[in-house]
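In this note's numbering, the protein residues as written are 1122 to 1234.
Next comes the structure, spelled out in structure tokens:
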């Protein structure tokens, strides 16, 4: 069983030289997408004409699953909150996880001069 995650919040402690000391990860379906107006759905292409952007189905459905991590006094990451109640179906097949956005790897781009 699986699901995709995304980072929703992190905190950099000033007293620890701006090192991240607190992180929250949530299910990728957490929250709700804002609705777009007709003008926002259209963009101007190179020729100057308006063409509609590619429409994707709304992937967010208000899922409350998340985990909270923090650094303890010894400098080790500790899970302080685990909420694993999803309001949607999870991926059953491990072979399907390669399609998760959080599992995609980004290759470094070469800048040509």
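Glycine included, every Cβ here is placed at the ideal spot set by N, Cα and C.
For residue 1182, the closest of 1145, 1127, 1200, 1151 by C-alpha to C-alpha distance is 1151. When secondary structure is reduced to three states using DSSP, residue 1135 falls in the helix class. In the structure shown, residue 1151 adopts coil according to DSSP, grouped into three states.
Counting C-beta atoms within 10 angstroms of its own C-beta, residue 1186 has 16 or more neighbours from the protein chains shown and is therefore classed as buried.
Shown here, residue 1209 sits in coil according to DSSP, grouped into three states, outside any helix or strand.
If you draw a straight line from the Cα of residue 1211 to the Cα of residue 1127, it comes to about 16 Å.
DSSP lists no beta-bridge partner residue for residue 1186. When only Cα atoms are considered, residue 1190 and residue 1129 end up about 12 Å apart.
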